[in-house]
Amino acid sequence: MTDVPALPTVWRPRTTRVVAYATAGIIMLGMIVLAVVVAPQFKTLDRVLMIAFGLLVAWILHMLARCRVAADDTGLTVVNAFRTRRLEWPEVVDVTMSIGEPWPTLDLADGTSIGAMGINGAEKALAARQLAELRTLVQTKGEAPNPR
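Heads up, the sequence shown is in numbering that gives the first Met the number 0, so the first residue is 0 and it goes up one at a time.
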């Protein structure tokens, strides 16, 4: 069994953040350069729209990069791309992640489940450690320990 991590703690994917922010920077730089050096038949509005498109893509990439799972004494905050959900410890029944899944699934007491995009399955060793820590917290902080 994994040691219980010190609280508060935050789990976030490393590679996803680096790739998303680097890509956003490259796209913004490319759109700005394109807007400046584009052929003269493009008007000012066209150039502004190019930069606006770059900003839209950068915003979407930021929303993907901000994903995280934060744990404190009272529960979990799951920040996915476009939704944030606060869960108390007794609400989380189990954490599962099969081989090949992109992120773990939190099974909730009300019978529903949500993905936790803050733990990225592509980062195998890091994801395994983060998943083990999260499972340990769910087992120790929940109402009843999960027999594994």
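No residue lacks a Cβ here, since even glycine has one placed at the ideal position from N, Cα and C.
Integer-rounded CB distance, given that residue j should sit under 8 Å from residue i
{"i": "R13", "j": "E100", "result": "The pair is not a contact, with the Cβ atoms about 18 Å apart (cut-off 8 Å)."}
{"i": "M116", "j": "C66", "result": "4 Å"}
{"i": "A127", "j": "N119", "result": "Actually they are not in contact, since the Cβ atoms of A127 and N119 sit about 11 Å apart, beyond 8 Å."}
Bridge partners - residue i, DSSP secondary structure assignment
{"i": "W10", "result": "V68"}
{"i": "V77", "result": "V68, R84"}
{"i": "S112", "result": "D106"}
{"i": "D93", "result": "D106"}
Whole-angstrom distance between residue j and residue i, CA atom to CA atom
{"i": "P89", "j": "V36", "result": "57 Å"}
{"i": "V68", "j": "M49", "result": "34 Å"}
{"i": "V3", "j": "E132", "result": "6 Å"}
{"i": "D109", "j": "A51", "result": "42 Å"}
{"i": "M27", "j": "T95", "result": "37 Å"}
{"i": "Q129", "j": "S97", "result": "14 Å"}
{"i": "L60", "j": "V17", "result": "11 Å"}
{"i": "N145", "j": "T22", "result": "Its pLDDT being 49, under 50, N145 is placed unreliably by the model, and nothing is read from it."}
{"i": "R11", "j": "G53", "result": "25 Å"}
{"i": "G141", "j": "T15", "result": "30 Å"}
Cβ pair residue i, residue j closer than 9 Å
{"i": "R84", "j": "I113", "result": "yes"}
{"i": "A70", "j": "A19", "result": "no"}
{"i": "L6", "j": "L136", "result": "yes"}
{"i": "T73", "j": "E87", "result": "yes"}
Contact between the stretch 68-77 and the stretch 39-58: three or more CB pairs below 8 Å?
-> Using a Cβ-Cβ distance cut-off of 8 Å, the stretch 68-77 and the stretch 39-58 are not in contact, since fewer than three pairs of beta carbons, one from each stretch, lie closer than that value.
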